[in-house]
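The UniProt record's numbering applies: residue 1 is where the sequence shown begins, and numbers increase by one. For glycine and all other residues, C-beta sits at the position ideal for the given N, C-alpha and C. This report concerns only the one structure given below.
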Amino acid sequence: MTPGSPRVAIVIVTYNSAPVLRGCLASLPEGAEGARLVAVVVADNASKDDSLRLAEQAADLPVRPVQVGRNAGYAAAINAGIAALDLRELDAILVMNPDCRLRPGSLAVLSKALDRSGTGIVVPRLVSTEGMLHHSLRRVPAVRRALAEALIGGHLAGRIGTLGEMIVDPGRYERPGPADWATGAAMLISAAALTEVGPWDESFLLYSEETEYALRAADEGWTLWYEPAAVVEHIGGEAKTSPMLAALLTVNRVRLFRRRRGRIATAGFYLAVLLGEAMRAAAGRRTARASLVALLRPSRRLRTLPG
Numbered sequence: 001m002t003p004g005s006p007r008v009a010i011v012i013v014t015y016n017s018a019p020v021l022r023g024c025l026a027s028l029p030e031g032a033e034g035a036r037l038v039a040v041v042v043a044d045n046a047s048k049d050d051s052l053r054l055a056e057q058a059a060d061l062p063v064r065p066v067q068v069g070r071n072a073g074y075a076a077a078i079n080a081g082i083a084a085l086d087l088r089e090l091d092a093i094l095v096m097n098p099d100c101r102l103r104p105g106s107l108a109v110l111s112k113a114l115d116r117s118g119t120g121i122v123v124p125r126l127v128s129t130e131g132m133l134h135h136s137l138r139r140v141p142a143v144r145r146a147l148a149e150a151l152i153g154g155h156l157a158g159r160i161g162t163l164g165e166m167i168v169d170p171g172r173y174e175r176p177g178p179a180d181w182a183t184g185a186a187m188l189i190s191a192a193a194l195t196e197v198g199p200w201d202e203s204f205l206l207y208s209e210e211t212e213y214a215l216r217a218a219d220e221g222w223t224l225w226y227e228p229a230a231v232v233e234h235i236g237g238e239a240k241t242s243p244m245l246a247a248l249l250t251v252n253r254v255r256l257f258r259r260r261r262g263r264i265a266t267a268g269f270y271l272a273v274l275l276g277e278a279m280r281a282a283a284g285r286r287t288a289r290a291s292l293v294a295l296l297r298p299s300r301r302l303r304t305l306p307g
């Protein structure tokens, strides 16, 4: 660390995360090289495993365990973690999943990108543990994009100009630049943006909370910036295999769109998403069947996360 290094805290949300948390914490000393790591807050959603004990054993890190008390969701734990910090003593906070690992020096690179005027959020290049690129950048949700993804899938729609919500052009991931929103596995947020934008929306439980936060930050004039020189490994993928999580993700997409757009546009977005899930459910996809039920029957939607 050099004089004038950015003062950064990390907030990691855990829920039965012991199998991946050890690797996450082990990556932080080298990942934070060049930055002043003030605190590592592990905000735990009442895990039944050894997540908090593992965090407390990380003697080489300034760990501050925070017990949320229940499985309150990602946004609620982020808010609890941020509440344990004094933003006046920080330049930024990195919000991170426990299944992420920082590559050496990545925190300082992300922090440097925050020096750009108007930049409030910086996201890294996300890769798998094998180094394969994750398509983490997104465009603003729109009816035409939802319809295209319903009919031909997100990856194919993303290859046709700006038709898809997911950005899949490999070249885009090689150069820094602004994006509408990005996967929330690792997001560095300036203290100034956090103060102005306010808490994360806890009503989403899981999924779309990062979309809502990025778009709300943009409403306040803050830019989300993608910095490929900072690399973070991310395991992820539960929503692709869990019917419960897939249904929550799908419903939250519609909920967020409804909040930001009018009735007619929301009806079109809902029908496009419904069409896509119906087509995939007919093809035998279990996650799509669960999503279809949640879209059609509000009483079957998840209101609280299992403890």
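Closest by C-alpha distance to residue 128, out of 100, 81, 273, 178, is 100.
Annotation: residue 265 to residue 273 spans about 12 Å, alpha carbon to alpha carbon. C-alpha of residue 62 to C-alpha of residue 22: approximately 15 Å in a straight line. Counted as a single uninterrupted DSSP element, the stretch harbouring residue 255 is not any beta strand (DSSP E) but the alpha helix (DSSP H) occupying residues 243-260.
By the neighbour-count criterion, in which a residue is buried when 16 or more other Cβ atoms sit within 10 angstroms of its Cβ, residue 190 is buried. When secondary structure is reduced to three states using DSSP, residue 108 falls in the helix class. Going by DSSP, residue 187 is part of the beta strand (DSSP E) stretching over 186-190. In its chain, beyond the 5 residues on either side, 201, 204, 256 have a beta carbon closer than 7 Å to the beta carbon of residue 212. Secondary structure note for residue 279: its alpha helix (DSSP H) is the uninterrupted segment 263-282. Contact between the segment 102-121 and the segment 136-152 is not established, with fewer than three Cβ pairs separated by less than 8 Å. When rounded, the separation of the alpha-carbon atoms in residue 223 and residue 81 is 23 Å. Given a length threshold of 3 residues, each whole run of the beta strand (DSSP E) inside the segment 15-94 is given here in chain order: 36-44, 63-67. Excluding residues up to 5 positions away in sequence, 185 lie with their Cβ nearer than 6 Å to the Cβ of residue 97 in the same chain. DSSP lists 223 as the bridge partner or partners of residue 119.
Remark: fewer than three beta-carbon pairs, one from each stretch, lie closer than 8 Å, so the segment 170-184 and the segment 41-56 are not flagged as touching.
Within the model, the alpha-carbon separation for residue 241 versus residue 292 is close to 15 Å. Judged by DSSP secondary structure, residue 179 falls within the beta strand (DSSP E) whose first and last residues are 177-179. Rounded to the nearest angstrom, the Cβ distance from residue 246 to residue 282 is 16 Å, too far for a contact under 8 Å. Residue 26 and residue 54 have their C-alpha atoms some 11 Å from each other.
Residue environment analysis places residue 220 among the exposed positions, since fewer than 16 neighbouring C-beta atoms fall within 10 angstroms of its C-beta. Looking at the DSSP output, residue 140 sits in no beta bridge, so it has no partner there. In this structure, the CA atom of residue 34 is about 18 Å from the CA atom of residue 95.
When the Cα atoms are used, residue 15 and residue 233 turn out to be separated by approximately 19 Å. The C-beta separation of residue 64 from residue 84 comes to about 6 Å, placing the pair in contact by the 8 Å criterion.
Note on geometry: alpha-carbon atoms of residue 86 and residue 287 lie some 41 Å from one another.
Assignment of residue 155 by DSSP, reduced to helix, strand and coil, places it in the helix class. Taking residue 148 as reference, the option from 163, 178, 139, 227 with the minimal CA-CA separation is 163. If you check the CB distance, residue 136 and residue 183 come in under 7 Å. Per the C-alpha coordinates, the member of 56, 68, 60 positioned closest to residue 43 is 68.
Residue 262 sits exposed, since fewer than 16 C-beta atoms from the chains shown fall within 10 Å of its C-beta.
When DSSP states are grouped into helix, strand and coil, residue 125 belongs to the strand group.
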